[in-house]
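Q: Pasting a structure below so you can have a look.
In the numbering used here, the protein residues as written are 773 to 1257.
In structure tokens:
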């Protein structure tokens, strides 16, 4: 059958949304180059092609399409099934585009995919007459099974599907377990996508780069993390065979003339033996380009980082979240801040760039705990940071707790964006107070970067340029810091 897979355009007030491929859907400011690769859509496309279906994959965000252009591309594909990856922050846009697709391709069935169906007790079809299906969680195998049933004219209620039956009633099948053997999946579809537009670690890794997954899942218990809870529905860690990963990298880097690799795994660095095997294979069979990873601070040794550095590791993202150990423990993160300090020191000694992520606004947040977070960011002195507001996405334990304790500050999807607004308040601080703390944290960080650059220009000019390239908001914050210094 003919299937159209889409990441619909998402623009608001000149800002560009990132949705498919992002664990934290949000709006990026004008000029920002950051753009995640749409992994689930791309894996689904390659799997459906292997099944014998005709597939058209369009990333309307990466191609900077208008909604009208995106709908026209879908109509030209003459699809029998349309699948859009969606998110809560982009909900209004997703619904508007789906309604336009219903009018433009009235014979096609339309499905939403992503985290939408992950919230228990909610009917994602309610109030959406343009929808026929919702694919729950990790959806490649679910979509493959659904297309097989539709092509054969059989009952489409397969595991992982929510549908509206002929009587207009919502029917929900059991959740489909995530794919156990990731090595059995074909490599994600990349032909036809604007491969040179997908960007990460800008200013620190050469662009354009390849975004790739060597694993999926995370065994830790962070209550805010969407994908283990709403997408995977479990916290099992699944790794691809290192040989398969390195073969994909070598082929894709050569085919698309890419200059670096970024492993955008949920948690890349689990399994010492596997990491050493990857380092060895990248050295012997890889394309010889630098790479970066999304990692935890406590799941591999200094020796593993050293081996990976020898294979080309030059950039590491670490999720720290808070500088208050009690708050870290309350999140279920199971992370020692002393180990964070040690790991950041190891990486610095190896000459590996560090990017740390922090978030303000967990239900236990106080002004004192936020101050500890700011102080830790300054103490660790990484090359760059991300500081955002805690976002209680439906389907997570954080959302359930916030709902039970009356801490949800807003129901508007526009509040679930984390860079400017929060849908959450803590027991001690309301939403405006948390937003003010975020701005204070960002100002103090950029003032720190400015002072650092003035004190050692040779060290920090590259860092400042990296900030400006990675996100225009950084350059503006640096300018504000300079005027207030």
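Even glycine gets a Cβ: it sits at the ideal position worked out from N, Cα and C.
(1) Taking only the alpha-carbon atoms, compute the straight-line gap between residue 1258 and residue 905 and give it to the nearest angstrom.
(2) Relative to the C-alpha of residue 1103, which candidate in 992, 912, 1201 has its C-alpha closest?
(3) Should residue 1071 be labelled buried (16 or more other beta-carbon atoms within 10 Å of its own) or exposed?
(4) Quick one, which of 1098, 1081, 1094 has its alpha-carbon nearest residue 1259's?
(5) Residues in its own chain within less than 6 angstroms of residue 1209 by CB, not counting five upstream and five downstream?
(6) Suppose contacts are defined by Cβ-Cβ distances below 9 angstroms. Is residue 778 in contact with residue 836 by that definition?
(7) Would you call the region 959 to 968 and the region 786 to 798 touching, i.e. three or more CB-CB distances under 8 angstroms?
(8) Go through its chain and collect everything with a Cβ distance to residue 786's Cβ below 7 angstroms, but skip five positions before and after it.
(9) In whole angstroms, what separates the C-alpha of residue 788 from that of residue 1195?
(10) Between which two residues does the beta strand (DSSP E) carrying residue 1158 extend?
(11) Quick check on the burial criterion: 16 or more other C-beta atoms within 10 angstroms. Buried or exposed for residue 1324?
(12) Taking DSSP as the reference, what is the three-state secondary structure of residue 777?
(13) Under a Cβ-count criterion, where at least 16 other Cβ atoms within 10 Å of its own Cβ denotes burial, should residue 1163 be classed as buried or exposed?
(14) State the DSSP-derived secondary structure class of residue 789, mapped to helix, strand or coil.
(15) In terms of residues, what are the limits of the alpha helix (DSSP H) holding residue 1021?
(16) Who are the near neighbours of residue 842 in its chain, counting only those whose CB is closer than 8 angstroms to its CB and skipping five residues on each side?
(17) Specify the secondary structure class of residue 825 as computed by DSSP and reduced to three states.
(18) Quick check on residue 1001: does DSSP put it in helix, strand or coil?
(19) For residue 943 versus residue 929, is the C-beta spacing smaller than 9 angstroms?
(20) So if DSSP puts residue 854 in a beta bridge, which residue, or which two residues, is it bridged to?
(21) Could you pull the start and end residues of the alpha helix (DSSP H) that residue 1087 belongs to?
(22) In the structure shown, what three-state DSSP assignment does residue 1165 receive?
(23) Go to residue 1082, then tell me how far its alpha helix (DSSP H) extends in each direction, as first and last residue.
(24) Using the C-alpha atoms, what's the distance from residue 1157 back to residue 1241?
(25) For a test of the three-state rule: what should DSSP assign to residue 1256, helix, strand or coil?
(26) Run the CB neighbour count on residue 1140, radius 10 Å, all protein chains shown included, and call it buried at 16 or more, exposed below.
(27) Do we get a CB-CB distance below 9 angstroms when we pair residue 795 with the residues of chain D?
(28) Measuring CB to CB, does residue 1100 end up less than 9 angstroms from residue 1110?
(29) By Cβ distance, which residues of its chain are closer than 6 angstroms to residue 1091, with the 5 residues on each side in sequence left out?
(30) Taking all protein chains shown into account, do 16 or more other C-beta atoms lie within 10 angstroms of the C-beta of residue 1149, making it buried, or fewer, making it exposed?
(31) Would you mind stating whether residue 1181 and residue 1187 have Cβ atoms separated by less than 9 angstroms?
A: Considering the structure as presented:
(1) The structure shown does not extend to residue 1258, since the chain is modelled only from 773 to 1257, so the question has no answer here.
(2) Distance check between residue 1103 and each of 992, 912, 1201 places 992 closest, using alpha-carbon atoms only.
(3) It is buried - the Cβ of residue 1071 has at least 16 other Cβ atoms within 10 Å.
(4) What the structure shows of the chain is the stretch from 773 to 1257, and residue 1259 is not part of that stretch, so it cannot be assessed.
(5) Taking residue 1209 as the centre and dropping the five residues before and after it, the same chain places the C-beta of 1132, 1142 closer than 6 angstroms to its C-beta, in chain order.
(6) Contact: no.
(7) No contact exists between the region 959 to 968 and the region 786 to 798.
(8) Excluding the 5 residues flanking it on each side, residue 786 has same chain C-beta neighbours closer than 7 angstroms at 802, in chain order.
(9) Distance from the CA of residue 788 to the CA of residue 1195, rounded to the nearest whole angstrom, comes to 20 angstroms.
(10) Residues 1156 to 1161.
(11) Because residue 1324 is not part of the residues shown, which for the chain are 773 to 1257, the question remains open.
(12) It is a strand residue.
(13) Residue 1163 counts as buried, since at least 16 other C-beta atoms from the protein chains shown sit within 10 angstroms of its C-beta.
(14) The answer is strand: DSSP assigns residue 789 an E or B state.
(15) 1014 to 1028 is the extent of the alpha helix (DSSP H) around residue 1021.
(16) So the qualifying residues of the chain are 778, 780, 781, 830, 832, 869.
(17) Residue state, collapsed to three classes: coil.
(18) Helix at residue 1001.
(19) With contacts defined as CB atoms closer than 9 angstroms, residue 943 and residue 929 qualify as a contacting pair.
(20) DSSP, once it has assigned bridges, lists 776, 882 as partnering residue 854.
(21) In the DSSP assignment, residue 1087 falls outside any alpha helix (DSSP H) and within the unbroken beta strand (DSSP E) covering 1085 to 1093.
(22) DSSP places residue 1165 outside both helix and strand once states are collapsed to three, so it counts as coil.
(23) 1074 to 1082 is the extent of the alpha helix (DSSP H) around residue 1082.
(24) With a pLDDT of only 49 at residue 1241, under 50, the local geometry of the prediction cannot be trusted, and the value read off the model is given with reservation. Spanning the two alpha carbons is a distance of roughly 14 angstroms.
(25) Legend: pLDDT at residue 1256 = 49, less than 50; position of this residue unreliable, value from coordinates given subsequently. DSSP places residue 1256 within a helical segment (H, G or I) once states are collapsed to three.
(26) With a 10 Å radius around the Cβ and a threshold of 16 neighbouring Cβ atoms, residue 1140 comes out exposed.
(27) Protein chain content of the structure displayed is limited to a single chain, and chain D is not contained in it.
(28) Result no, Cβ atoms of residue 1100 and residue 1110 do not sit closer than 9 angstroms.
(29) 1129, listed in sequence order.
(30) Of the other Cβ atoms in all chains shown, 16 or more fall within 10 Å of the Cβ of residue 1149; this residue is therefore buried.
(31) Yes.
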